[in-house]
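Position in the sequence shown (from 1) plus 3 gives the number in the working numbering. Each residue gets a CB set at the ideal place from its N, CA and C atoms; glycine is no exception. All values reported here derive from a predicted model rather than from experimental measurement. Below you'll find the structure, written out as structure tokens, and then a few comments.
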Amino acid sequence: MAEVRRSEYDEAGRLKQAKIRATGSYTANGTAISGLQTTDYTYHLRGQLRGINLDGSGNPVPNASQGDLFSYRLDYETAFIYDGNIGKQSWQASNNNAPSGLRSYTFTYDNISRLKSATYSGIGSENFSLPTIN
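Take a look at the structure:
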């Protein structure tokens with residue numbers, strides 16, 4: 004089986020879309036394989052990565068018809084803070100390979116932009132904090 008990769012770039016030279024396609028057939032059952040995965044990249048107005056495989060409204064929702072296995076969004080301007088730090092990251096996997104549902108971490112930073120805490124929301128629980136940073 005051969006693998007073919009095609010990448011598209013925007014006007015600023017940033018990766019816009021990456022397609023990975025397998026050619027040949029899967030020998031276990033003889034089923035022909037077409038495109039395996041297309042990954043779409045979206046960028047923030049300032050050129051920072053905004054998300055991967057976002058839906059038309061900018062939400063992290065995998066599109067099964069396009070073969071998306073995962074979707075991911077970064078929010079930089081949360082709680083009216085505009086310093087370029089990631090304030091929140093949200094992601095969702097397709098229903099076929101992981102429990103469905105949106106998951107996220109919300110981050111806080113100290114006055115010199117060091118990560119202070121990460122609060123998880125979604126399936127299960129997991130939080131991180133450094134109480135000694137003031």
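Selected residue, minimal CA-CA separation from Arg-76, among Arg-49, Leu-105, Ile-84 and Tyr-85: Out of Arg-49, Leu-105, Ile-84 and Tyr-85, Leu-105 has the C-alpha closest to the C-alpha of Arg-76.
Stretch-stretch touch, CB-based, cutoff 8 Å, three pairs: the stretch 109–123 with the stretch 78–92: By the criterion of at least three beta-carbon pairs nearer than 8 Å, the stretch 109–123 is in contact with the stretch 78–92.
In DSSP terms, what Glu-11 is bridged to: Looking at the DSSP assignment, Glu-11 forms a beta bridge with Gln-20.
Collapsed DSSP secondary structure at Gln-51 in the structure displayed: It is coil, neither helix nor strand.
Sequence-distant residues of its chain with Cβ nearer than 6 Å to Asp-116 (five each side left out): Going by the sequence as given, residue 116 is Ser instead of Asp. The beta carbon of Ser-116 lies closer than 6 Å to those of Asn-88 in the same chain, with the five residues before and after it left out.
C-beta contact flag for Gln-20 and Tyr-46 at 8 Å: No, they are not a contact pair.
Residue from Ser-68, Glu-80 and Pro-63 with nearest C-alpha to Arg-49: The residue with the shortest Cα to Cα distance from Arg-49 is Glu-80.
Minimum C-alpha distance to Arg-17 - residue among Asp-58, Gln-51 and Thr-41: The residue with the shortest Cα to Cα distance from Arg-17 is Gln-51.
Terminal residues of the beta strand (DSSP E) in which Thr-81 lies: DSSP places Thr-81 outside any beta strand (DSSP E), giving it a letter other than H or E.
Paired residues, beta bridge with Lys-119 - DSSP: Lys-119 pairs with nothing; no bridge assigned.
Alpha-carbon spacing of Lys-97 relative to Asp-78, whole angstroms: Note that residue 97 corresponds to Ser in the displayed sequence, not to Lys. So the two alpha carbons sit approximately 21 Å from each other.
Assigned exposure category for Asp-71 - 16 Cβ within 10 Å defines buried: So Asp-71 counts as buried.
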